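Colleague:
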Amino acid sequence: MRVLIVEDDVATRKGLELAIRELGSQARSVGTAGEAARAIEDFKPEILIVDVHLPDGDGIEVFRHARESDPTRDGVVITGQASVDSAVEALRAGVSDYLLKPLRPAQLEVVFQRLTERRSLESEVDSLRDELLETGKLGDLLGLSEPMKKIFDVIRRVARSNAPVLITGASGTGKEVVAKTIHRLSRRASTPFVAFNCGAISPTLIESELFGHERGSFTGADKRRVGYFEEANGGTLFLDEITEMGSELQVKLLRVLEAKMVRRVGASQDLRVDVRLISATNRDPQQAIREGKLREDLYYRLNVFPILLPTLAERPEDIPLLAEHFRRQIEEQEKAGVTGWDPAALQMLDRHDWPGNVRELRNVVHRAYVMADGGIIRKDVLESLLPGAAVKAAPAARAPLARVAKPEKKAAASRKR
Amino acid sequence: MSDSLVALRRFFHDLATPLSGVGLHLERASRLAARGEDPSEAIGVARRELERAFQLFERGREALLSTTGESSGSA
């Protein structure tokens with residue numbers, strides 16, 4: 002990381018320069034706005050640490066100028082005179098932090114490390130984006146079809162924000178995988194991701210699971226329990242099957258989202274939480290509202306960013322890619338030497354309707370893998386697993402199918418030798 | 578803002594600068610020493626900055642005492 006320090010006091014300037022080098026970055030320091038303008042051109046800093054008051058100008062103006070030529074630059078402003086006006090001006094100019102003199106080395110280290118961590122996360126997002134363009138992969142999501150390209154685009158945008166997301170889609174379309182990918186691409190990537198399925202637990206217990214409880218707050222509460230909101234503090238909480246939550250609890254959830262405070266069952270005080278909420282349902286939300294399964298006010302609060310996942314039948318061109326991806330995953334775990342696919346077997350996958358979506362495909366691939374007994378996955382194995390697909394007419398071969406089938410040809414050829 | 582408040586703000590601003598130098602250079606000295614390297618230069622800068630802070634502090638005290646009519650030498 003290249004860091005430019007702009008500070009007129011020599012001892013502070015040199016102290017900062019050496020401290021930044023100690024933290025593993027390249028640092029250069031100058032004492033005036035004029036020198037800073039030249040150093041921005043030559044040194045091309047990624048981060049600027051600027052004093053507000055410079056002998057020949059304003060440090061915030063220096064940063065603003067640096068951002069004009071490269072909007073990805075970050076800035077930290079330092080000043081000996083705190084004022085609301087200069088803080089507001091600094092934030093408007095896009096600086097990440099505002100430090101007051103006298104500078105404490107520990108404080109500087111925290112601010113600097115937070116900044117470099119965020120920048121490295123952003124660079125990870127960039128590399129994931131490149132990976133996506135090359136391989137059709139975003140995190141654990143896979144797809145080259147148009148519907149998935151649109152989903153990837155939405156995920157990348159949503160990941161930058163802290164706003165709530167509501168994922169809708171049929172069972173098995175990968176709602177939790179999408180939620181995890183959003184978390185992984187977000188600034189919260191290094192913080193907890195906690196998933197909770199509201200449909201998997203008795204409605205009477207959901208409140209204590211989500212918000213926690215105090216000892217003795219109800220029969221059986223023999224010790225204090227931290228809820229999922231507290232566990233996810235600083236990170237992301239994924240609430241699946243949100244419409245299975247009772248209406249009364251939906252009101253409490255709405256309150257938590259608005260106040261950013263939770264109260265354990267039986268507690269008398271609220272606790273502040275910083276949680277990004279991603280929720281999901283396999284129902285049509287509008288219909289769930291009409292049926293009284295989802296409160297309308299909560300829906301609007303959750304649905305800041307809606308993501309509707311396509312069924313597998315709506316993106317059939319991704320089936321061979323996904324099938325091969327799952328085969329590789331399973332091969333890594335089980336190492337049975339199942340090295341690829343018979344092209345006719347892949348065509349059969351293409352003929353099935355996949356009502357259970359990606360989850361069903363993964364299960365079928367796993368069973369086929371086990372039954373293949375080494376070598377490649379052949380058509381006859383799939384005929385027994387997908388009897389309906391065996392009699393359906395084959396669709397025209399798609400590009401990903403041809404691509405996935407290539408390794409199989411090599412495998413078959415090598416066996417003949 | 579009254580003149581005395583302006584002077585006070587100025588005083589804190591001036592004092593904060595050498596104190597930053599003291600903090601940064603002492604931290605550097607301690608890191609150098611921990612690595613078995615010579616920290617004397619960093620300690621020297623920290624000492625000079627501390628001296629600057631003392632001078633500013635004393636000047637501030639003189640100014641304060643002169644406005645209240647007391648002598649800086651009184652016990």
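Taken in order, these protein sequences are the chains called A and B. Once you know that position 281 of the first sequence is 282 in my numbering, the rest is easy, because the numbers rise by one and skip nothing. Once you know that position 61 of the second sequence is 638 in my numbering, the rest is easy, because the numbers rise by one and skip nothing. C-beta atoms are modelled at their ideal positions from N, C-alpha and C, and glycine is treated no differently. Since the model is a prediction, treat every value here as computed from it, not as a measurement.
1) Determine the burial state of A/M149: buried for a count of at least 16 other Cβ atoms within 10 Å of its Cβ, exposed for fewer.
2) State the DSSP-derived secondary structure class of A/A413, mapped to helix, strand or coil.
3) Using alpha carbons as the reference points, say which of A/Y99, A/Q334, A/E177, A/L278 lies closest to A/V85.
4) Are the beta-carbon atoms of B/L641 and B/P595 separated by less than 9 Å?
5) Which ranges does the beta strand (DSSP E) cover as unbroken runs of at least 3 residues, wholly within the segment 43 to 92 of chain A, from first to last along the chain?
6) Distance check for A/G293 and A/A180, CA to CA, integer angstroms please.
7) Would you say the beta carbon of A/Y229 is closer than 8 Å to some non-hydrogen atom of the ligand NAP?
8) Among A/G175, A/L250, A/A171, A/L186, whose alpha-carbon lies nearest the alpha-carbon of A/E210?
9) Report the CB separation of A/G236 from A/R189 in whole angstroms; it is logged as a contact under 8 Å.
10) Would you mind telling me which residues of chain B sit closer than 7 Å to A/P103, beta carbon to beta carbon, in chain order?
11) Residues of chain A with CB closer than 8 Å to the CB of B/V622, please, in chain order.
12) Can you tell me whether A/D298 is helix, strand or coil according to DSSP?
13) How far does the beta strand (DSSP E) with A/V339 in it reach, from first residue to last?
14) Following the continuous alpha helix (DSSP H) through B/V599, name the residue where it begins and the one where it ends.
15) According to DSSP, which residues form a beta bridge with A/I168?
16) Are at least three pairs of beta-carbons, each pair with one atom in the segment 255 to 266 of chain A and one in the segment 223 to 235 of chain A, less than 8 Å apart?
17) Of the residues A/D9, A/D71, A/A222, A/G376, which one's Cα is nearest the Cα of A/V266?
18) Return the residue from the list B/R587, B/G600, B/S581, B/H590 that minimises the CA-CA distance to B/I620.
19) Distance check for A/T205 and A/A164, CA to CA, integer angstroms please.
20) Report the three-state DSSP secondary structure of A/T192 (helix, strand or coil).
21) I'd like to check one pair, A/I308 with A/G170: are the Cβ atoms closer than 9 Å?
22) Tell me A/A28's beta-bridge partners as DSSP assigns them.
23) Quick test of your reading: A/S146 and A/R316, contact by CB under 8 Å. State the CB separation rounded to the nearest angstrom.
24) Compile a chain-ordered list of the residues in the segment 81 to 92 of chain A whose CB is closer than 7 Å to at least one CB of chain B.
25) Compute the beta-carbon to beta-carbon distance between A/L383 and A/L350, rounded to the nearest angstrom, for a pair I have assumed lies under 8 Å.
26) Considering only the alpha carbon of each residue, which of A/C199, A/L143, A/P344, A/V51 lies closest to A/D381?
27) The alpha helix (DSSP H) with A/T220 in it runs from where to where?
28) In the structure shown, what three-state DSSP assignment does A/L116 receive?
29) Measuring only the C-alpha atoms, how far is A/V31 from A/G76?
30) Which residues, taken in chain order from the segment 145 to 162 of chain A, show a beta carbon closer than 9 Å to some beta carbon of chain B?
31) Do you know offhand how far A/E123's Cα is from B/Q632's?
32) What residue range is occupied by the uninterrupted alpha helix (DSSP H) comprising A/T205?
33) Judging by CA-CA distance, which residue of A/L238, A/R185, A/G375, A/L295 is the nearest neighbour of A/S121?
34) To the nearest whole angstrom, what separates the beta carbons of A/V78 and A/V53, a pair I think is in contact under 8 Å?
35) Could you work out which residues of chain A lie near B/E604, taking near to mean beta carbons separated by less than 7 Å?
36) Among A/D374, A/L386, A/K102, whose alpha-carbon lies nearest the alpha-carbon of A/V365?
Modeller: Per the coordinate set shown:
1) The residue given as residue 149 of chain A occupies position 148 in the first sequence. Classification for A/M149: buried.
2) Reading the first sequence from its first residue, position 412 is the one you call residue 413 of chain A. Note that A/A413 has pLDDT 37, beneath the 50 cutoff, so the model's placement of it is unreliable and the number below is only indicative. Reduced to three states, the DSSP call for A/A413 is helix.
3) As a first step, residue 85 of chain A must be located in the first sequence, where it is residue number 84. Taking each of A/Y99, A/Q334, A/E177, A/L278 in turn and checking the Cα distance to A/V85, the smallest one comes out for A/Y99.
4) Residue 641 of chain B sits at position 64 when you count from the first residue of the second sequence. Residue 595 of chain B sits at position 18 when you count from the first residue of the second sequence. In this structure, B/L641 sits away from B/P595, with a CB-CB distance that is not shorter than 9 Å.
5) Runs of the beta strand (DSSP E) inside the segment 43 to 92 of chain A: 48 to 52, 75 to 80.
6) For the purposes of this step, residue 180 of chain A is taken as residue 179 along the first sequence, with counting starting at 1. For the purposes of this step, residue 293 of chain A is taken as residue 292 along the first sequence, with counting starting at 1. In this model, A/A180 and A/G293 are separated by some 25 Å (Cα to Cα).
7) Ligands in the displayed structure: none, and consequently the ligand NAP is not present.
8) Locating residue 210 of chain A in the first sequence gives position 209, counting from the first residue. Here the closest residue by C-alpha is A/L250.
9) As a first step, residue 236 of chain A must be located in the first sequence, where it is residue number 235. As a first step, residue 189 of chain A must be located in the first sequence, where it is residue number 188. That pair is a contact at about 5 Å.
10) Taking the first sequence and counting its residues from 1, the one referred to as residue 103 of chain A is at position 102. Ordered by position in chain B, the residues that pass the 7 Å Cβ test against A/P103 are A593, L596, S597, G600.
11) Working through the second sequence from its first residue, we reach residue 622 of chain B at position 45. By Cβ distance, chain A contributes A12, K15, G16.
12) Taking the first sequence and counting its residues from 1, the one referred to as residue 298 of chain A is at position 297. Looking at A/D298 - three-state DSSP - the assignment turns out to be helix.
13) Taking the first sequence and counting its residues from 1, one reaches residue 339 of chain A at position 338. For A/V339, the enclosing beta strand (DSSP E) covers residues 339 to 342.
14) Residue 599 of chain B sits at position 22 when you count from the first residue of the second sequence. Counting along the chain, the alpha helix (DSSP H) containing B/V599 begins and ends at 580 to 611.
15) Mapped onto the first sequence, residue 168 of chain A falls at position 167. In the DSSP output, where bridge partners are listed per residue, A/I168 has A/A281, A/I308.
16) Yes, they touch.
17) Residue 266 of chain A sits at position 265 when you count from the first residue of the first sequence. Each of A/D9, A/D71, A/A222, A/G376 was checked against the Cα of A/V266, and the nearest Cα belongs to A/A222.
18) To locate residue 620 of chain B, count along the second sequence from 1; it is residue 43. Nearest option by C-alpha distance: B/G600.
19) Counting from 1 along the first sequence, the entry for residue 164 of chain A is found at position 163. Counting from 1 along the first sequence, the entry for residue 205 of chain A is found at position 204. Annotation: A/A164 to A/T205 spans about 28 Å, alpha carbon to alpha carbon.
20) Locating residue 192 of chain A in the first sequence gives position 191, counting from the first residue. Correct three-state label for A/T192: coil.
21) Locating residue 170 of chain A in the first sequence gives position 169, counting from the first residue. Locating residue 308 of chain A in the first sequence gives position 307, counting from the first residue. A/I308 is positioned such that its CB atom lies closer than 9 Å to that of A/G170.
22) The count along the first sequence starts at 1 and reaches residue 28 of chain A at position 27. A/V4.
23) Sequence index remark: in the first sequence, residue 146 of chain A carries index 145 (1-based). Sequence index remark: in the first sequence, residue 316 of chain A carries index 315 (1-based). Under the criterion of beta carbons closer than 8 Å, A/S146 and A/R316 qualify as touching, at roughly 4 Å.
24) Per Cβ criterion, the list reads G81, Q82.
25) Start at 1 with the first residue of the first sequence, and residue 383 of chain A comes out as number 382. Start at 1 with the first residue of the first sequence, and residue 350 of chain A comes out as number 349. At roughly 7 Å, the Cβ-Cβ gap stays under 8 Å, so A/L383 and A/L350 are in contact.
26) Mapped onto the first sequence, residue 381 of chain A falls at position 380. The shortest Cα separation from A/D381 among A/C199, A/L143, A/P344, A/V51 belongs to A/P344.
27) Numbered from its first residue, the first sequence carries residue 220 of chain A at position 219. For A/T220, there is no enclosing alpha helix (DSSP H), since its DSSP letter is neither H nor E.
28) Translated into the one-based positions of the first sequence, residue 116 of chain A becomes position 115. Residue state for A/L116 is assigned as helix, using DSSP reduced to three classes.
29) Residue 31 of chain A sits at position 30 when you count from the first residue of the first sequence. Residue 76 of chain A sits at position 75 when you count from the first residue of the first sequence. The alpha-carbon of A/V31 is positioned some 15 Å away from that of A/G76.
30) Taking 9 Å as the Cβ-Cβ cut-off against chain B, none of the residues of the segment 145 to 162 of chain A qualify.
31) Within the first sequence, numbered from 1, the residue matching residue 123 of chain A stands at position 122. Within the second sequence, numbered from 1, the residue matching residue 632 of chain B stands at position 55. Taken atom to atom, the span from the alpha-carbon of A/E123 to that of B/Q632 is near 46 Å.
32) By one-based count along the first sequence, residue 205 of chain A stands at place 204. Element bounds for A/T205: 204 to 212.
33) Counting from 1 along the first sequence, the entry for residue 121 of chain A is found at position 120. Out of A/L238, A/R185, A/G375, A/L295, A/R185 has the C-alpha closest to the C-alpha of A/S121.
34) Taking the first sequence and counting its residues from 1, the one referred to as residue 78 of chain A is at position 77. Taking the first sequence and counting its residues from 1, the one referred to as residue 53 of chain A is at position 52. Going by Cβ atoms, the distance from A/V78 to A/V53 rounds to 6 Å, so yes, they are a contact pair.
35) Start at 1 with the first residue of the second sequence, and residue 604 of chain B comes out as number 27. Those within 7 Å of B/E604 in chain A are A20, P106.
36) Taking the first residue of the first sequence as position 1, residue 365 of chain A is located at position 364. Ranking the options by Cα distance to A/V365, first place goes to A/L386.
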